[in-house]
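Below is one structure, written out as structure tokens; comments come after it.
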Amino acid sequence: MTSSNAPRQIEIQLGHLCNNRCVFCVSGQETALGNARVLETETILAQVRGAHAAGHRKLTILGGEPTLQPGFLEVVREAARLDFEEIVVFTNGAKTARAAFVDEILATGGRITWRISLQGATREAHERTTKKPGSFARIERTLENLAARRQTITINMCVVQSNYESVSEFPALLRRYAPHVTQLHLDMMRPLDAGKRSDDELRATLPRYADLARPFARMIAGLPRGFDVNLGNVPACIAPELSRWIHHDGEPTATISVDGGGALSKPWNKYLVKARDKVKLSTCASCAFEPTCSGVYETYLRLSPHFAADLRPVPRDLPPTVATRLHALRRSAPFDPLVWREVRHGERTEIVLDAPDGSVARVWLGETNGVASGGYAVDGNATDDVRRGLSSVMRALGLLSTPGEAAAVRPNRADPARAARD
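For the sequence shown, my numbering gives the first residue as 2, with consecutive numbering after it.
As structure tokens, this is what we get:
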């Protein structure tokens, strides 16, 4: 990789050694099997120097658990000496629960950002996922240590069956360490990164797409407005109202990983390689999100038909006023306690929203001679919470209506954010 075409961001994996046994990760499995090895420090240092010479200026050090490598501190010192603009330490927080170890890392003088592998927003969810009793308490001590030293912290979680329901607890958890936690990134499990797992193990680990929308929406609703939250590799059609937080791929990144023989590989394009096991359904071609969606992991679709059933394309060929209002609706979401299930498009556009009690709200939009019309109805009990959610939806759409009554509306030209009854 030459300096003329190299991305400025590079990741170097310091082996597979790890003291967690996460259900989604190859490293803990390799460690348990005795296959994870200590890497020669000089080999890692040569890669760090080569990355800097190639023009990379942001370095992420990851594992396994990178702090377990005997040469970890020497690697950070070398990165600091080379004056990388940012050194990201991606850690599970076990060793950094000791304040003295944090201070050793900071004493290198490097410009450190901490990326904490937090695999659930509660102790139960995190430890179900890491298979390591006590790991959540160590994460908490790590966060306390870093916050006390006014460090920049980002949080990463891999979304699996054992932790997805807990994500609505992230706002309360992160408030304890504000303002030092600056980003929360949730990423869908990639089966090819999970090691050797049987189909039954994978079925028990992969969460159903349709189950993710509600906890994700509650999480985002509880976070401060403008907080940097990313939902990685989530098919946007399962939660159109959350589309502005959903990302596939990322900044151009080179990765140096541990190969099958325990040696470090040559740099490879992270997101190009990570997408090689993604597929799209034929119906995806008609979806409004198709240009920004790189698909879903093939293993999800292979293991169970319900994964494909959850993918419902969002129509892209809509009348202009309808498309504009849907765009405004997505920008204003979420609408607690309602979860946007799907958009149906026929003679008029219908937005289907699910309520926690099992009732279903249906909001419809149409257009006649450039004038938008709309209304809503509730199949089931229109509780106060459901009415509150619907009021938010209707305000976001710029439509006026009363419960159960359709309303024809005309945009107010003086204030496009409002609408007056026709």
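Note that CB positions come from ideal geometry on N, CA and C, so glycine has one too.
Proximal residues to Ile45 (C-beta, below 8 Å), its chain only, five neighbours per side dropped: Taking Ile45 as the centre and dropping the five residues before and after it, the same chain places the C-beta of Ile13, Leu15, Gln70, Gly72, Val76 and Leu265 closer than 8 Å to its C-beta, in chain order.
Runs of alpha helix (DSSP H) lying entirely within the region 45 to 88, each at least 4 residues, in chain order: List check, alpha helix (DSSP H) in window: 73 to 82.
Span separating the alpha-carbon of Ile11 from that of Glu252: Each residue's alpha carbon lies about 10 Å from the other.
Rounded straight-line distance, which links the Cα of Gly223 to that of Asn231: 14 Å
Cut-off 6 Å between Cβ atoms - residues of its own chain near His346, not counting five sequence neighbours on either side: Pro316.
Nonlocal neighbours in the same chain, by C-beta distance under 7 Å from Tyr298, ignoring five residues either side: Arg191, Pro192, Asp278 and Lys279
Contact belief for Ile113 with Ile140 at Cβ below 8 Å, rounded distance in angstroms: Not confirmed; about 17 Å, so no contact.
Leu185 classed as buried or exposed, judged by whether at least 16 other C-beta atoms fall within 10 angstroms: buried
Under 8 Å between C-beta atoms of Glu66 and Gly196: no
Of the listed residues Ala356, Ser333, Tyr377 and Asn370, nearest to Thr1 (C-alpha basis): Missing from the structure shown is residue 1; the chain here goes from 2 to 423 and no further.
Proximity to Leu366 [Cα-Cα], best of Thr322, Lys267 and Val340: The candidate whose alpha carbon is nearest that of Leu366 is Thr322.
Leu366: first and last residue of the uninterrupted beta strand (DSSP E) it sits in: Val361 to Thr369
C-alpha distance - Ala55 paired with Ala255, whole-angstrom precision: 11 Å
Simplified DSSP state of Val161, which is helix, strand or coil: coil
Three-way DSSP call (helix, strand, coil) for Ser402 in this model: With a pLDDT of 42 at Ser402, under the threshold of 50, the modelled position of that residue is not reliable, and no figure is offered here.
Which residues DSSP lists as bridging Phe91, in chain order: Its beta-bridge partners are Arg116.
Alpha-carbon to alpha-carbon, Ser295 and Leu273: 10 Å
Neighbourhood of Glu291 by C-beta, 6 Å cutoff - its chain only, sequence neighbours within 5 removed: Cys285
Proximity of Leu187 and Met158 at Cβ, strictly below 8 Å: yes
Neighbour-count burial assignment, His328, 16 or more Cβ in a 10 Å radius: It counts as exposed.
Paired residues, beta bridge with Gln10 - DSSP: Lys59 and Thr254
Counted within 10 angstroms of its Cβ, other Cβ atoms place Cys19 as buried (16 or more) or exposed: buried
Three-state secondary structure assigned by DSSP to Ser374: Of the three classes helix, strand and coil, the one that applies to Ser374 here is strand, per DSSP.
As assigned by DSSP and simplified to three states, the class of Leu273: helix
Asn382 (DSSP reduced to helix, strand or coil): coil
Cutoff 7 Å; reference Glu348; Cβ partners in own chain excluding five residues on either side: none
Beta-carbon proximity list for Ala397, same chain, < 7 Å, skipping 5 on both sides: Cβ neighbours of Ala397 within its own chain (closer than 7 Å, five residues either side excluded): Ala329, Leu330 and Ser333.
First and last residue of the uninterrupted beta strand (DSSP E) at Glu343: That run of the beta strand (DSSP E) goes Val340 to His346.
Three-way DSSP call (helix, strand, coil) for Asp229 in this model: In the displayed model, Asp229 falls within a strand according to three-state DSSP.
Tyr298 (DSSP reduced to helix, strand or coil): strand
Cβ-based neighbour list, Glu242, same chain, cut-off 6 Å, excluding 5 preceding and 5 following: Arg331, Ala334, Pro335 and Trp341
Beta-carbon proximity of Thr131 to Cys23, cut-off 8 Å: yes
Distance between Gly111 and Phe85 (C-alpha atoms, nearest Å): 8 Å
Rounded distance between the beta-carbons of Ile352 and Val361, thought under 8 Å: Your pair Val361 and Ile352 does not check out as a contact, with CB atoms roughly 11 Å apart and the cut at 8 Å.
Proximal residues to Gly94 (C-beta, below 6 Å), its chain only, five neighbours per side dropped: Ile117, Arg139, Ile140 and Thr143
Unbroken alpha helix (DSSP H) run spanning Asp201, endpoints: Asp200 to Thr206
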